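*Asks:* Here the protein sequences come in this chain order: Z and P.
Each residue of the first sequence is one higher than the one before, counting from 1 in our numbering.
Each residue of the second sequence is one higher than the one before, counting from 1001 in our numbering.
A virtual CB, placed ideally from N, CA and C, is assigned to each residue, including glycine.
Being a predicted model, the structure only gives us computed values, none of them experimental.
This is the structure I have questions about; it appears just below.
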Amino acid sequence: MLNYQSSIKEEKTYSGLIVKEVVPVMKLNLRGKNREFLSTIGKNINMTLPLEANTSSSSDNYTSMWLSPDEWMIISNYTADKENNNYQIEKLLFSKISKTNLGAVTDVSDQFVMINLKGEKIFDLLSTGCPFNFNEFKKKNGAVTQTLLLQIDVIIHLKEINTVNLFVRRSFSEHLMSWIDDAASRL
Amino acid sequence: MFIINCPFCGERDQSEFKAGGEAHIERPKQPTELNDEEWAEYLFMRKNIKGIQFERWNHAHGCRKWFNMLRDTSNDEIKLIYKMGEKSPIE
Ligand SMILES: [Zn+2]
C-alpha cells in the first residue's frame, strides 16, 4: 500500500445506510481474451473468471468482476497488510500472464478507492445520481455494473442484497464522498 | 435522452456512450497515390445526413467497447446495432 491520506475519514451512518471505506484491499486489473489466458487464470487463482456480462464470481479469498468481454477486476475479500505493497497473486499472475504475453495484469490497488455501502436505502441514494436502472440489479447477488455516478466513472458490485461495494478513482473519491454525505443526509 | 442497447452490457442510458462519427469509412489502401483532394475526402468529408445513418458508438463509461449503429438522425430511432468488424448488413 502506498502511504497516503485516506480521503474518507470515518464510517458514516444515515437513515437506512452505513458508508465506510474498506482499505487496504488488493485490486488487480486483468486483460486478455483467449482460451489459454482464461485457463491460466483459473488454474492459478482457483476460480473461473465470469464470462457472462455484468456478473462476478467469488472464491474464499478473491472476487472477480466482469468489466468487459476482455477485462476483469480481481479484488481480495479481506483487507491486506498496510505496510506491504506486494501481493503474491499479482507476482504469480504477472509471471504467468504478462511475461508470457497472454494478457495484461495491472495492480490498481491504489488507483481505486473501495467504498462499502450497507442498508436498504443504497439504491435510493445511487438512483439520485446515476442514469443506471437498478430495478433488476438490486435483486441479483453478485451483479456488477460500470456506470456514471454524478458524472464520475464508478464500478458498482452488489456483494449481497443490501450490501454494495463501489469503486471510484482516487482523485474523485473525496468529491464523491462529500456528495454521498450530502445526499444521504436527506434520504 | 434515449436508451442504447450495448451489444456487450445490455440496455444503458445514452449518457454512458460517446458517438464516434460515421461508420464503414475505409482507409485508402495506398494513401501515397491519392492527391490532396482525394485524401481530404477520406479524412474530413462525412455524409451527415438527416435520416438513416451508419454510425460508430463507444460505450465510454461502461465496457469501453466500440460498436456500430444504424440510427435515424431526425428522431433518434435506433434501427440496428451490430458489433465492430461486422459488415454493414444493409447496402
Ligand atoms: Zn457496454
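In angstroms, rounded to a whole number, what distance separates the CA positions of G188/Z and K96/Z?
*Replies:* Within the shown structure, residues of chain Z are numbered from 1 to 187, placing residue 188/Z beyond reach of any answer.
*Asks:* Determine contact between the region 85 to 93 of chain Z and the region 19 to 30 of chain Z, defined as no fewer than three beta-carbon pairs at a distance below 8 Å.
*Replies:* Yes, the region 85 to 93 of chain Z is in contact with the region 19 to 30 of chain Z.
*Asks:* First and last residue of the alpha helix (DSSP H) that includes K1037/P?
*Replies:* Going by the sequence as given, residue 1037/P is Glu instead of Lys. Per DSSP, E1037/P belongs to the alpha helix (DSSP H) from 1036 to 1044.
*Asks:* I want to see whether chain Z comes within less than 7 Å of G1020/P, judged by CB atoms only; does it?
*Replies:* False, the Cβ-Cβ gap to chain Z never drops below 7 Å.
*Asks:* Would the region 158 to 167 of chain Z count as touching the region 98 to 106 of chain Z if we require 3 or more Cβ pairs under 8 Å?
*Replies:* These segments do not touch.
*Asks:* With a floor of 3 residues, list each beta strand (DSSP E) that falls wholly inside the region 107 to 151 of chain Z, ordered by position along the chain.
*Replies:* With a minimum length of 3 residues, the continuous beta strand (DSSP E) runs that stay inside the region 107 to 151 of chain Z are 112 to 118, 144 to 149.
*Asks:* Quick check: what's the CA-CA separation for K1087/P versus L38/Z?
*Replies:* Their Cα atoms are separated by approximately 29 Å.
*Asks:* Is G1085/P close to chain Z, meaning its C-beta is less than 7 Å from at least one C-beta of that chain?
*Replies:* Not an interface residue.
*Asks:* I'd like to know whether the C-beta of P50/Z is nearer than 7 Å to at least one C-beta of chain A.
*Replies:* No chain A appears in this structure, whose protein chains are Z and P.
*Asks:* Cβ of F1017/P less than 7 Å from any chain Z Cβ?
*Replies:* So no, F1017/P is outside the interface.
*Asks:* Can you give the Cα-Cα distance for Y14/Z and M1045/P, rounded to whole angstroms?
*Replies:* Using only the alpha carbons, I get a separation of about 55 Å.
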